[in-house]
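J.: Protein chains in written order, with this note's numbering: chain A, 144 to 514; chain B, 3 to 501; chain C, 481 to 787. Got a structure here, written out as structure tokens. Questions coming.
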Amino acid sequence: MKRVGPFVFERRLAPTRTAILGYSLLAILAALAIMSVIFWAYGVSPIKAYSVIGRTTLGTRFGLMEILRRTIPLLLCGVGLVIAFRAKFWNIGAEGQLLAGAVAATWVALFSGIPAPWKIPAMFVLGFAAGALWGIIPALLKVKLQVNDVISTLMMNYIMIYIVDWLIHGPWKGPTMRGFAYTDIFPKDAWLPTLPLSRVHWPTLVIGVAAAILAVLILNRTRLGYEIRVVGESEGAARYAGINFLRVSLAVMILSGGLAGLAGVGEVAGIHHRLLSPTQVSMGYGYTAIIVAWLARGSPGVAIVTSLFFGLIFAAGDVIKTVLRMPFQVTGVLNGLILFFLIGVEPLMHWRVRLFPKGERWTGKAGSSGS
Amino acid sequence: MVDITKAFPGVVANDRVTFEVRRGEVHALLGENGAGKTTLMNILYGLYQADSGEIYLYGKRVRIRSPRDAIRHKIGMVHQHFKLVPRHTVAENVVLGLEGSPFLNPARSVERRIVELGERYGLKVDPKAYIWQLSAGEQQRVEIIKALVRGADILILDEPTSVLTPQEAEELFKILRRMVEEGHSVIFITHKLDEVMAVADRVTVMRRGKVVATLPTAGVDKPTLAKMMVGREVVFRLQKAVCRRGSEALVVEDLWTLSDRGLPALKGVSFSVCRGEILGIAGVAGNGQRELVEVITGLRRATRGRVVVLGEEVTNRDPRRIADKGVAHIPEERLRMGIVPEMSVAENLILKKHHRPPFCRGFFLDLRAVRRFAETAIEEYGIMTPSAQTPAKLLSGGNIQRLILARELSGEPALVIAAHPTYGLDVGATEQIRQILLRQRERGAAILLISEDLEELVSLADRIAVIFEGEIMGEVVPEEASLEEIGLMMAGEKRGVRA
Amino acid sequence: MDWQSWLIGIVGRALAFGTPLLWGTLGEIYAERAGVVNLGVEGMMVLGAFSAFAVAQSTGHPGLGILVAALVGGGAALIHAFLTVTLRANQYVSGLALTMFGLGLAGLLGRGWEGIPLRQPLPSVTVPGLSKIPLLGPMLFEDQSILTYTGLVLAVVLWLLLYRTRWGIVLRSVGESPATADALGVNVFLVRYLAVILGGVLAGVAGGYLSVEYRPSWTEGMTAGMGWIVIALTIFAGWDPLQAIWGSLFFGALYHLSYRLQAWLPPELLKLMPYAFAILVLAIAGLSGRRRGAPGALGVPYTRGEK
Numbered sequence: 144m145k146r147v148g149p150f151v152f153e154r155r156l157a158p159t160r161t162a163i164l165g166y167s168l169l170a171i172l173a174a175l176a177i178m179s180v181i182f183w184a185y186g187v188s189p190i191k192a193y194s195v196i197g198r199t200t201l202g203t204r205f206g207l208m209e210i211l212r213r214t215i216p217l218l219l220c221g222v223g224l225v226i227a228f229r230a231k232f233w234n235i236g237a238e239g240q241l242l243a244g245a246v247a248a249t250w251v252a253l254f255s256g257i258p259a260p261w262k263i264p265a266m267f268v269l270g271f272a273a274g275a276l277w278g279i280i281p282a283l284l285k286v287k288l289q290v291n292d293v294i295s296t297l298m299m300n301y302i303m304i305y306i307v308d309w310l311i312h313g314p315w316k317g318p319t320m321r322g323f324a325y326t327d328i329f330p331k332d333a334w335l336p337t338l339p340l341s342r343v344h345w346p347t348l349v350i351g352v353a354a355a356i357l358a359v360l361i362l363n364r365t366r367l368g369y370e371i372r373v374v375g376e377s378e379g380a381a382r383y384a385g386i387n388f389l390r391v392s393l394a395v396m397i398l399s400g401g402l403a404g405l406a407g408v409g410e411v412a413g414i415h416h417r418l419l420s421p422t423q424v425s426m427g428y429g430y431t432a433i434i435v436a437w438l439a440r441g442s443p444g445v446a447i448v449t450s451l452f453f454g455l456i457f458a459a460g461d462v463i464k465t466v467l468r469m470p471f472q473v474t475g476v477l478n479g480l481i482l483f484f485l486i487g488v489e490p491l492m493h494w495r496v497r498l499f500p501k502g503e504r505w506t507g508k509a510g511s512s513g514s
Numbered sequence: 003m004v005d006i007t008k009a010f011p012g013v014v015a016n017d018r019v020t021f022e023v024r025r026g027e028v029h030a031l032l033g034e035n036g037a038g039k040t041t042l043m044n045i046l047y048g049l050y051q052a053d054s055g056e057i058y059l060y061g062k063r064v065r066i067r068s069p070r071d072a073i074r075h076k077i078g079m080v081h082q083h084f085k086l087v088p089r090h091t092v093a094e095n096v097v098l099g100l101e102g103s104p105f106l107n108p109a110r111s112v113e114r115r116i117v118e119l120g121e122r123y124g125l126k127v128d129p130k131a132y133i134w135q136l137s138a139g140e141q142q143r144v145e146i147i148k149a150l151v152r153g154a155d156i157l158i159l160d161e162p163t164s165v166l167t168p169q170e171a172e173e174l175f176k177i178l179r180r181m182v183e184e185g186h187s188v189i190f191i192t193h194k195l196d197e198v199m200a201v202a203d204r205v206t207v208m209r210r211g212k213v214v215a216t217l218p219t220a221g222v223d224k225p226t227l228a229k230m231m232v233g234r235e236v237v238f239r240l241q242k243a244v245c246r247r248g249s250e251a252l253v254v255e256d257l258w259t260l261s262d263r264g265l266p267a268l269k270g271v272s273f274s275v276c277r278g279e280i281l282g283i284a285g286v287a288g289n290g291q292r293e294l295v296e297v298i299t300g301l302r303r304a305t306r307g308r309v310v311v312l313g314e315e316v317t318n319r320d321p322r323r324i325a326d327k328g329v330a331h332i333p334e335e336r337l338r339m340g341i342v343p344e345m346s347v348a349e350n351l352i353l354k355k356h357h358r359p360p361f362c363r364g365f366f367l368d369l370r371a372v373r374r375f376a377e378t379a380i381e382e383y384g385i386m387t388p389s390a391q392t393p394a395k396l397l398s399g400g401n402i403q404r405l406i407l408a409r410e411l412s413g414e415p416a417l418v419i420a421a422h423p424t425y426g427l428d429v430g431a432t433e434q435i436r437q438i439l440l441r442q443r444e445r446g447a448a449i450l451l452i453s454e455d456l457e458e459l460v461s462l463a464d465r466i467a468v469i470f471e472g473e474i475m476g477e478v479v480p481e482e483a484s485l486e487e488i489g490l491m492m493a494g495e496k497r498g499v500r501a
Numbered sequence: 481m482d483w484q485s486w487l488i489g490i491v492g493r494a495l496a497f498g499t500p501l502l503w504g505t506l507g508e509i510y511a512e513r514a515g516v517v518n519l520g521v522e523g524m525m526v527l528g529a530f531s532a533f534a535v536a537q538s539t540g541h542p543g544l545g546i547l548v549a550a551l552v553g554g555g556a557a558l559i560h561a562f563l564t565v566t567l568r569a570n571q572y573v574s575g576l577a578l579t580m581f582g583l584g585l586a587g588l589l590g591r592g593w594e595g596i597p598l599r600q601p602l603p604s605v606t607v608p609g610l611s612k613i614p615l616l617g618p619m620l621f622e623d624q625s626i627l628t629y630t631g632l633v634l635a636v637v638l639w640l641l642l643y644r645t646r647w648g649i650v651l652r653s654v655g656e657s658p659a660t661a662d663a664l665g666v667n668v669f670l671v672r673y674l675a676v677i678l679g680g681v682l683a684g685v686a687g688g689y690l691s692v693e694y695r696p697s698w699t700e701g702m703t704a705g706m707g708w709i710v711i712a713l714t715i716f717a718g719w720d721p722l723q724a725i726w727g728s729l730f731f732g733a734l735y736h737l738s739y740r741l742q743a744w745l746p747p748e749l750l751k752l753m754p755y756a757f758a759i760l761v762l763a764i765a766g767l768s769g770r771r772r773g774a775p776g777a778l779g780v781p782y783t784r785g786e787k
């Protein structure tokens with residue numbers, strides 16, 4: 144309990160929903176305010192910038208479609224990360240798991256010889272498996288050898304990036320690509336259908352939404368979800384309850400990595416139709432998905448909303464690059480700022496401010512407890 | 003300290019408390035858990051700030067905003083949970099932040115002073131030893147030396163005997179007397195009436211955040227103090243039915259295991275517990291009790307020996323298998339192991355049985371069954387909670403323990419391992435839990451009760467085994483043994499096993 | 481190429497490439513010794529690299545560039561310190577945010593500076609006399625950077641500071657058990673702030689070294705994950721500044737080898753060597769129980785009175 148002038152700050156035991164919503168919005172607004180400064184420093188009027196962005200992304204059909212297509216990988220990775228974070232498994236490797244899925248899809252499309260009607264389902268299945276595999280390795284390392292999950296998943300990103308680099312420069316280099324480092328274009332039967340006049344590859348979107356719903360079910364209504372939550376909330380209690388850490392970690396990373404793998408399949412089979420350099424396949428979806436998941440505060444359902452929001456930011460980044468002639472990295476700065484402010488306001492959610500009438504003696508009665 | 007008031011969310015810890023200490027006296031601060039004694043002293047030491055009230059030292063008003071201020075005003079504090087860095091040496095701990103110590107090799111410079119003080123007050127300790135190598139009693143001496151090196155005139159001790167054997171406690175009292183002779187003042191926080199009578203000149207009794215009375219110990223007796231502490235007549239003896247021993251529920255044979263640091267924590271422990279009886283394990287904390295409980299419940303590897311539950315060997319089986327056999331474990335660390343603080347009361351109530359019917363069917367949890375069980379348990383055990391959905395961390399200590407008991411004792415376990423079940427609880431909860439344990443005993447469960455509270459063991463247990471440095475020193479029947487005898491065993495004197 | 485020139489090349493280059501790793505690791509060791517994990521090393525390094533290049537290019541003084549890089553790194557670390565120590569936010573996420581922000585900002589500001597070689601890079605030194613010693617001379621004392629030698633000296637100084645002085649005891653105690661230090665009047669917040677800022681300063685210099693001496697130019701993402709290797713190295717070195725020397729030398733040699741072997745193996749696969757080794761190194765540390773040496777309160781925000 145602190146007194147500053149006429150205000151009394153009381154510590155709350157648990158933040159209320161309005162507090163969470165309010166402060167999260169405050170964080171985003173604060174980040175946008177700093178962005179305005181950056182716009183201004185670049186010689187672009189912030190008002191002009193925001194209005195152009197708003198008009199182009201939200202005001203045109205194409206703009207909305209672009210937001211949607213950017214949302215797809217964010218949603219898939221985001222849901223996976225929500226699950227991982229609930230188990231306190233810091234999966235920073237969604238980027239690499241996404242690429243693993245992309246590699247698997249490319250293999251199915253170009254080199255597997257699987258007949259036409261099975262190609263797309265096979266891409267999804269193997270893409271999930273590849274991402275899951277890439278995620279299992281750090282899980283094993285963490286449980287068996289106490290290797291820090293942040294570092295191991297991160298390192299796996301870099302390893303996968305270089306593997307993809309090697310593939311497109313080496314064995315999988317497309318002979319029709321005239322010296323550019325791409326694979327051949329996928330045959331048409333390996334192209335994902337899109338919504339008319341857009342790049343929204345809707346099967347992946349459907350899978351994403353289904354994954355979010357499934358994740359909610361798993362976390363709240365199944366035994367696995369229960370154990371995931373116990374492991375995440377209290378390691379001591381999980382041990383005491385006899386919960387098998389290995390099983391839970393593996394399950395979590397299979398789901399998380401697999402979903403990211405699906406995102407990779409979507410990008411490569413729905414947007415680019417070939418395997419490109421890693422930074423072109425994933426423009427930081429894996430890393431941005433971390434903020435998507437963090438903002439969703441453990442709820443896969445809310446992740447649908449937060450992934451849309453960051454899809455908007457990505458789409459805005461395109462506008463910033465083409466119309467405002469600023470580098471795309473601006474989105475990286477914005478993402479970083481949002482994350483800063485989000486964790487910065489977190490402690491504020493635990494305090495309540497009250498106006499204290501002057502002159503009244505402190506009676507020692509505490510305010511109502513908790514929410 | 004005048005009119006000190008301090009509130010935390012949901013509770014007023016100190017309510018207009020006025021407290022004074024005279025020079026050269028031992029002043030006991032008496033009250034049960036949660037009375038506000040530690041909070042008051044934390045304010046004096048600068049760890050907390052009072053919401054209102056003033057502090058006067060030698061007649062002058064002072065502001066103590068942090069421990070640094072307190073130290074400057076020559077106040078020293080020995081906390082109940084020692085504030086020491088285990089990985090550093092005694093000297094390094096003593097010299098931490100010490101004004102006037104040299105920049106280079108400060109630890110070495112303070113070594114001599116440590117030995118000096120040790121001789122003067124009887125606090126012998128090796129300055130070069132690492133804290134983790136020392137016993138609790140020795141660590142406490144380091145804490146006292148830390149305060150003395152900083153020139154403390156007023157020394158605060160918070161429940162200092164909670165980690166000492168009766169003999170070590172006697173030693174401590176002698177040390178305190180010597181300090182008082184040298185002109186220091188000692189404030190002694192405790193909830194044990196015996197200590198107040200043994201060492202204090204005056205006593206202040208606190209209850210629920212308020213001061214009840216301040217009086218010299220010479221003219222008062224224990225029942226009066228007890229009544230002031232608790233507010234009603236305190237029953238010192240529980241009604242216990244005659245012991246009806248059944249078959250062996252737990253047999254431990256020549257059990258060896260290692261501590262976290264890789265040293266042997268159990269060295270050939272053997273005993274058995276039959277259905278319908280309570281075996282108490284007495285001993286000062288840190289002598290292997292924790293490791294014993296962990297090995298029996300499957301949370302720690304035994305390096306040698308056997309654990310047999312209900313006739314089946316379960317040595318080194320995983321905890322889930324052991325629990326499924328009908329072993330209940332009431333853990334020492336309620337908040338870190340016993341519950342998942344963020345989850346709801348209902349979800350906590352199914353914690354170890356969540357993988358079995360009726361709570362789990364295939365992949366899915368049967369949420370309705372969970373809710374039904376929660377409602378029954380809350381009512382049966384009197385768990386005070388706004389709802390079954392409330393996060394468990396919002397419950398008071400007593401209610402958390404009731405939750406744990408409701409969970410562990412459902413399903414009529416054959417063996418109950420209770421580790422310090424009433425530690426830190428108010429009298430109401432303590433009584434209730436002891437009654438629950440006795441009822442389980444009558445029902446035919448075997449109970450292994452680990453406790454630091456000798457009174458509790460004597461009143462509840464049918465037999466008491468004393469553990470010291472990982473070995474069983476001896477076994478006694480409470481009616482026939484004296485506290486002194488048990489105390490000696492706790493300090494390492496071996497006795498034979500008596501039937 | 482005879483084995484002698486080969487050895488000289490490897491050790492010499494290992495020293496050179498180990499230098500930024502050493503500076504970065506020393507900084508992170510101090511931050512973590514105070515109990516604060518700073519995953520923002522990558523962001524601080526890249527910001528240091530860019531600011532050093534920009535300043536050196538505009539003023540023609542590479543030394544000034546390094547100085548500015550140090551300040552920039554410290555400033556970035558200040559954000560992390562504020563979030564984690566004062567606001568008690570999650571240390572891992574704060575560091576990640578710092579990295580994202582740093583990489584984005586450096587990329588943003590760096591547009592237009594790319595590809596231009598630095599007109600006045602930091603000159604390398606050859607130690608007179610010592611460089612004449614057969615084999616060891618050319619290996620260790622020829623054509624090295626001032627920052628390499630400064631780094632080595634710094635490691636020794638930081639080691640002494642950590643284990644043999646008052647400040648060292650204070651720092652280590654804050655990281656092991658902040659409640660203990662607080663109860664004795666130590667200003668835990670201040671110690672943590674200073675340690676984290678020092679970490680940033682050293683990381684900034686590490687980045688500056690890259691753009692001003694090792695490869696005098698600026699490319700986006702030129703730190704290429706080195707910040708993460710630093711974090712792995714901190715664990716591998718057991719939070720000991722002297723051990724950090726061997727760790728950074730080892731990885732420096734790895735990086736160099738990955739270039740050397742390009743004649744025989746595909747370059748992309750070689751480039752993933754350091755990252756794979758980082759995992760390997762941590763796995764070995766885990767096996768040998770090295771992780772137990774972590775400061776007791778690492779990663780946990782401190783609140784007075786909270787048990």
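The C-beta atom is built at its ideal place from N, Cα and C for all residues, glycine as well.
Output the distance between the C-alpha atoms of residue 510/A and residue 565/C, rounded to the nearest integer angstrom.
T.: Unreliable placement is indicated for residue 510/A, whose pLDDT of 34 sits below 50; the coordinate value is still reported in the next sentence. The alpha-carbon atoms of residue 510/A and residue 565/C are separated by roughly 28 Å.
J.: Indicate whether residue 230/A and residue 385/A have their beta-carbon atoms separated by less than 9 Å.
T.: In this structure, residue 385/A does not lie closer than 9 Å to residue 230/A by Cβ.
J.: Report the neighbours of residue 295/A on chain C: residues whose CB is nearer than 8 Å to its CB, in chain order.
T.: 759 and 762
J.: Rounded C-beta distance between residue 580/C and residue 683/C? I'm assuming under 8 Å.
T.: 16 Å between Cβ atoms; not a contact.
J.: For the stretch 514–556 of chain C, list the alpha helix (DSSP H) runs that are entirely contained and at least 4 residues long, ordered along the chain.
T.: 521–539
J.: Give the residues of chain C in contact with residue 305/A, contact being defined as C-beta atoms less than 7 Å apart.
T.: Result: 748, 749, 751 and 752.
J.: Note down, in chain order, each residue of its chain lying with its Cβ closer than 6 Å to the Cβ of residue 317/A, except the 5 sequence neighbours on either side.
T.: Cβ within range, chain order: 325, 326 and 327.
J.: Where does residue 506/C fall in DSSP's three states?
T.: helix
J.: What do you get for residue 315/B, buried or exposed, if any count of 16 or more other CB atoms within 10 angstroms of its CB means buried?
T.: exposed
J.: Name the chain B residues whose beta carbon is nearer than 9 Å to that of residue 377/A?
T.: 337, 338, 339, 341, 342, 343, 344 and 345
J.: Give a yes or no on whether 9 Å exceeds the smallest Cβ distance from residue 502/A to chain B.
T.: Here the model assigns residue 502/A a pLDDT of 48, short of 50, so the residue's position is not dependable, and the following value carries that caveat. False, the Cβ-Cβ gap to chain B never drops below 9 Å.
J.: Along chain C, which residues have their Cβ under 9 Å away from the Cβ of residue 277/A?
T.: Those within 9 Å of residue 277/A in chain C number zero; the least Cβ separation is about 13 Å.
J.: Give me the subset of the stretch 313–324 of chain B whose CB atoms are less than 7 Å from a CB atom of chain A, sorted by chain position.
T.: The stretch 313–324 of chain B vs chain A, Cβ under 7 Å: 320, 321 and 322.
J.: Decide yes or no for the touch test of the stretch 638–654 of chain C against the stretch 531–541 of chain C: beta carbon pairs closer than 8 Å, at least 3 of them.
T.: no
J.: Would you call the CB atoms of residue 553/C and residue 528/C closer than 9 Å?
T.: yes
J.: Pull up the DSSP beta-bridge partners for residue 386/B, would you.
T.: Note: residue 386/B sits in no beta bridge, so no partner.
J.: Got a sec, what are the start and stop residues for the alpha helix (DSSP H) residue 516/A sits in?
T.: Any property of residue 516/A remains undetermined from this structure, which presents chain A solely from 144 to 514.
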